[in-house]
Structures are given as structure tokens and as C-alpha cells.
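Have a look at the structure below, then the notes.
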Amino acid sequence: MSFIGIEFDNDAVDEIAVVHSTWMSPHKKHVWWPPYKSSKTLNKALSCGEEPDENTWVAYAVKRKFFECDALEKSLKKLQRCETTSDVQTTDTEQDKKRQRKHRRISSSSADEDDEVVSSIKRPPRISHCVTTPTTRSPLRVLSVQSIASRSTVSCSPSPSVTSVAAVEQPDRETSNIDDNLHVSIKQLYKLVALVKRQNEQLSKQNDEILHILKNKPSQLDSTNLHHQPELPVNFPIENLEEVDLIEEYLTQETNLSALSSYMSTIGGRDITSKTNTILRYVFTNGIAVRYSFLGSRGNKKAFSTLKLCKAIIAAVLVSLPNTLEIDVNNCIKVWLKHAPQRLALEAKRNV
1 MSFIGIEFDN
11 DAVDEIAVVH
21 STWMSPHKKH
31 VWWPPYKSSK
41 TLNKALSCGE
51 EPDENTWVAY
61 AVKRKFFECD
71 ALEKSLKKLQ
81 RCETTSDVQT
91 TDTEQDKKRQ
101 RKHRRISSSS
111 ADEDDEVVSS
121 IKRPPRISHC
131 VTTPTTRSPL
141 RVLSVQSIAS
151 RSTVSCSPSP
161 SVTSVAAVEQ
171 PDRETSNIDD
181 NLHVSIKQLY
191 KLVALVKRQN
201 EQLSKQNDEI
211 LHILKNKPSQ
221 LDSTNLHHQP
231 ELPVNFPIEN
241 LEEVDLIEEY
251 LTQETNLSAL
261 SSYMSTIGGR
271 DITSKTNTIL
281 RYVFTNGIAV
291 RYSFLGSRGN
301 KKAFSTLKLC
311 KAIIAAVLVS
321 LPNTLEIDVN
331 NCIKVWLKHA
341 PQRLALEAKR
351 NV
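The opening residue of the sequence shown carries number 1 in the UniProt record's numbering; numbering runs sequentially from there.
Here's what the structure looks like:
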């Protein structure tokens, strides 16, 4: 386990922070930052080395790495020194002992005094430095949880001696940033497209069956039988999954599906929500409703939208309320199924 002090790559402000080594990208050019708002939660994630979640964590570009330590407390102390001195490789005592040396000049002469050869030791390249006023120094700012969302403005410009080097390295850094971001975005996009495609296929098939029911209804049913429940293999409301299988097998015949839908259209309700909820209470108990969700994608629940019984309910609401949209009926069913556990709990309290 190790901790790394880094500076974020942001032209508008210098920000530094301590991150866990597992938060860094393989090429050390990006860091994953957790979405926590409180410092306590952030410090806990840092100390235990919480694994980054690409779906919720945000990737930021890293400008440079100051140090790497195996202890969090030691890293935080180095970060404080880095905030005030911008250098964690040397101590204050060592800085006092340093002195400027003049360049050595080595000269040689021959018979001709005009041929003088002068050589000097090359000056090392300068590092980037912050633009400051003549009297004060602008220290690096330690990154906090709040500063991720709102960044203050402290300008930073490269030294003239390394301008050409930065110009060469910048395209590589930008290319790496684009590659990493595209990898994350494309992966999420594939998941979203697959989900939307699957839902569209289910809804399209459901629409075709409902339209077929409505189209054939007038020629198959006698209006005098609308107010009488057809003979069913089960009693409503359904109380177990075996009865669901029986009614589904019964509704495979179009005449049975159309007859049940026509009867349920006579069940009362003043609007879409009350009409849909009344029919659902007539068909399902809360005990069986908790086993279903509309799409069945969470909590190992079964998909209600794939049942022929669901198609019969939607057709019944559309017949009784002609100006109703199918998506509105679907939303009412989703809400009713979602609240089934609460209704079941209240029902249990009343029976105690």
C-alpha cells in the first residue's frame, strides 16, 4: 500500500492532493477521484485504499508526481511542505546550505591571442514556476473535497526555458487523455444502447399484441357479456405463481385474452391511475405483486411486462379511457408494483 502526492493538470489553478496508488491509471497520467462530499468519507476511502468505481468516480489528468510514501501520515506532512515550498525532495536545512556557484570558465591561449576557447558547465533546465507578485509567493493549494466542484483562479505559466519542451509533450498528454476518456464513454454507451434496445423490443412486441386485441375485439365479443367475468381457470386475485402460470396458459388463446380485457375495462376508475390500480388489485394480491417488477431487471424479480395478463390490463385501460397513452399506463403499473412491499407490510400490521 502506497500513497502518492500529485498535482492536477489544470491551467487555471494549481491543486495538489494525496491519492492512493490504486487510484492512478496504468500510465500514471490520470487519477480516479471519489464523489464523496465529506472530508471524513474521503479520508476513510484514502486510508483503506477503496477500489475506484468507473461509473461514479471522475477521472482527472495528472500534471506531475511529487512523491510516493508507504504511510498516509507521512504523505500528508510532505503535502503540507509541498504546499508552501513546492519541493518535497529537500529539507529546510538543506536549502539553507545551498549556495549559488558561478559558472567555471576554462580558457586556453596560443600564440594568436584572438583564438580563445571558452567552455562552461551547462545550466540544468528550469522547472515550471507560478506567476507571483514581486513581494509575495503563490504557494500550491492542497486539493479538498469542495475544490473539486469549484476551482479558484491561480494562474500558472511555464518557464521560458522549457516552453519548447512543454509544446512537444502537450500533444502526447492530450492524446492519452482522449484515449482514456473514450474508453470509459464507449463502454458506458454500449451498456445504455443494449438496455434501450432490449426495452424497445419488449414494448414493440407488446404494442403489436395489444393492437391486435383491440382490432379483433368487436367481431369476437358479444356486448351483453361485457359485465360478466369469463370463466377462468383461477380465482382473482391471484395468490401464487402456479396460478399465474395457469392464467397465462389460458390467455394464449386470443378469444380468452380479448374477453378478459373487455371485462376488466368495466372495472371502475375515474382516471388512468385509479383505473389501473383498481384492475391490478382485482388481479393480484400484494403477496404475489412483490415478486414482480415491470421489467424484472432488479432484485431477482420476474418481469411483469412479458405477461399476457399485463397486455390484457393495458388494453382494458386503453378501451375504457380512449385518450390514454400506453406509456402512461406502463408508468402506473411500475409505481403500483414498486409500492407492493409497503402495502404488504401495512397489511401484515392490520392482521396482527
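In this text, a Cβ means the ideal position worked out from N, Cα and C, and glycines have one as well.
It is roughly 20 Å from the alpha-carbon of residue 75 to the alpha-carbon of residue 9. Comparing alpha-carbon positions, the option among 275, 272, 232, 267 lying closest to residue 255 turns out to be 232. In the DSSP secondary-structure assignment, residue 33 is bridged to 58.
Counting other Cβ atoms within 10 Å of its Cβ, residue 348 stays below 16 and is therefore classed as exposed.
Taking the Cα of residue 69 as reference, the smallest distance to any Cα among 18, 40, 30 is reached at 18. When DSSP reads this structure, residue 304 sits in no beta bridge, so it has no partner. DSSP places residue 194 in the helix class (H, G or I) of the three-state scheme. Residues 3, 18, 19, 20, 72 of the same chain have their beta carbon placed closer than 8 Å to that of residue 46, with the five preceding and five following residues left out of the count.
DSSP lists 7 as the beta-bridge partner residues of residue 64.
Between residue 27 and the set 80, 263, 40, 179, the nearest pair of CA atoms involves 179.
Counting of Cβ neighbours within 10 angstroms places residue 191 among the exposed residues, the total staying below 16. According to DSSP, residue 20 shares a beta bridge with 3. Assignment of beta-bridge partners to residue 238 by DSSP yields 284. Per DSSP, the beta-bridge partners of residue 69 are 3. Three or more beta-carbon pairs separated by less than 8 Å link the stretch 303-314 to the stretch 257-268, which places the two stretches in contact. Annotation for residue 40: the continuous alpha helix (DSSP H) segment containing it runs 39-48.
Residue 53: not part of any alpha helix (DSSP H); DSSP gives it neither H nor E.
C-alpha of residue 322 to C-alpha of residue 33: approximately 52 Å in a straight line. With distances taken between CA atoms, residue 292 lies nearest to 333 out of 252, 333, 208. Distance from the CA of residue 193 to the CA of residue 181, rounded to the nearest whole angstrom, comes to 18 Å.
If you look at residue 342, you'll find it in the alpha helix (DSSP H) that goes 340-351. Each residue's CA atom was taken as its position, placing residue 79 and residue 7 some 10 Å apart. With a 10 Å radius around the Cβ and a threshold of 16 neighbouring Cβ atoms, residue 263 comes out buried.
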